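Single-structure report; data block below.
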Amino acid sequence: METIGQLPGLKNKTALVVGGGLGIGRSVARLLGTQGVRLAVVDVDRDRLQKAREELDAIGICSDVELPGAARLAVAEAIGGLGPLDILVNIVGRGMSSAAVDVSAEMQRVALERNYLHHVEFCSAFAQAALSDGRGGVITVVSSLAGVAPFPNQAAYGAAKAALNSYCANLAVELAPKQIRVNTVAPGGVRTDRNTWEGEKGQELLAAIPMGRFADQAEVAGVVVFLCSDMASYITGQTIVLDGGASQYLRFWR
């Protein structure tokens with residue numbers, strides 16, 4: 020992905036990137052940094068965090084975001100280092116495979132903890148801080164295409180992501196009068212540091228993508244950073260699907 024020019028409304032802003040030590044999160048943090056955004060990065064891995072701090076000149080916050088209270092502590096630490104926050108981006112999520120008929124209450128609880136509950140806590144902590152400052156802000160959350168369209172063996176994961184999309188839409192409506200925008204980005208197959216989509220599963224998904232390729236993580240980062248900028252100043256409460264046309268293919272050509 021080529022370097023983009025300066026987007027309006029980002030220079031000298033402050034951002035907390037949750038999951039910024041690897042993959043899509045690292046790409047988002049890197050791109051925000053090129054736009055003149057001052058950064059705090061949350062990651063659970065100290066080695067990844069140290070590399071991100073050095074590369075991005077960012078404040079590093081080592082935290083397991085699934086632990087109770089982690090979000091409020093991370094937001095407070097970021098504010099302590101950067102001053103009031105303008106932007107929150109949360110990338111963190113973990114997939115799990117489960118057929119719908121096999122989903123237990125415990126399995127769904129785990130999926131919600133991994134992919135929904137910590138997002139709610141970070142959004143709440145950021146929004147409360149922004150409301151107390153009266154300065155507005157932007158929340159952009161990376162969800163998944165599985166929360167928009169059904170996929171085989173993704174029932175628990177997809178339900179958690181659908182809940183995340185719904186929560187962010189409701190939050191956007193409530194916060195819009197206070198000039199806080201909230202959107203989600205729902206990628207389909209993305210080549211990342213962890214997932215190259217090799218093997219049979221990857222080939223099956225690739226066959227359903229009209230564009231004939233998986234997304235690069237930098238392409239997801241570009242959409243996230245656009246939503247954080249003033250170019251998206253009238254966009255809120257939306258789930259932006261980023262899937263190379265896969266959802267349309269699945270919808271019309273099954």
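First residue of the sequence shown? That's 20 in the working numbering, and the numbers climb one at a time after it.
We treat Cβ as the ideally placed atom computed from N, Cα and C, and that holds for glycine.
Quantities reported herein were computed from a predicted structural model and do not represent experimental measurements.
Taking DSSP as the reference, what is the three-state secondary structure of residue i?
i: L131; result: helix
i: M20; result: Unreliable placement is indicated for M20, whose pLDDT of 48 sits below 50; no coordinate value is reported for it.
i: W272; result: Note that W272 scores 49 on pLDDT, short of 50, meaning its location in the model is unreliable and no value can be drawn from it.
i: Q173; result: strand
i: S248; result: coil
i: S185; result: helix
i: A234; result: strand
i: L29; result: coil
i: S46; result: helix
i: T53; result: helix
Report yes or no: is there a C-beta of chain D within less than 8 Å of the C-beta of residue i?
i: V244; result: The structure shown contains no chain D; it holds only a single protein chain.
In chain order, what residues of the same chain have a beta carbon less than 6 Å from the beta carbon of residue i, not counting five sequence neighbours either side?
i: Y176; result: G114, M115, A130 and A165
i: E21; result: Because E21 sits at a pLDDT of 49, beneath the cut-off of 50, its placement in the model cannot be relied upon, and the following sentence gives the value as read from the coordinates. Answer for E21: no residue qualifies.
Per DSSP, which residues does residue i bridge with? Please list them.
i: D62; result: C81
i: L190; result: Partner(s): none; L190 has no beta bridge.
i: V36; result: V60 and V108
i: R210; result: D235
With respect to the beta strand (DSSP E) encompassing residue i, which residues constitute its N-terminal and C-terminal limits?
i: A227; result: That residue, A227, is in no beta strand (DSSP E); it is neither H nor E in DSSP.
i: G156; result: G156 to V161
Can you grab the Cα-Cα spacing for the pair residue i / residue j, in whole Å?
i: T203; j: G241; result: 13 Å
i: W272; j: M230; result: Note that W272 scores 49 on pLDDT, short of 50, meaning its location in the model is unreliable; the coordinates nonetheless yield the value given after this. Taking the straight line joining both Cα atoms gives about 15 Å.
i: V244; j: L51; result: 7 Å
i: V63; j: G100; result: 19 Å
i: A97; j: S82; result: 12 Å
i: Q198; j: G55; result: 22 Å
i: N276; j: G256; result: Nothing can be reported for residue 276, as the shown portion of the chain is limited to 20 through 273.
Considering only residues of the same chain and omitting the five flanking positions on each side of residue i, which have a CB-CB separation below 8 Å?
i: S252; result: G28 and R200
In the DSSP assignment, the alpha helix (DSSP H) including residue i goes from what residue to what residue?
i: R200; result: Looking at the DSSP string, R200 is not in any alpha helix (DSSP H); the run it does join, the beta strand (DSSP E), is I199 to P206.
i: L150; result: H137 to D152
i: A93; result: A89 to L101
Residues in its own chain within less than 7 Å of residue i by CB, not counting five upstream and five downstream?
i: A48; result: V36, G39, L58, V60, A71, L75 and A77
i: S117; result: M126, N172, A174 and A175
i: V260; result: L164, V167, A205 and S266
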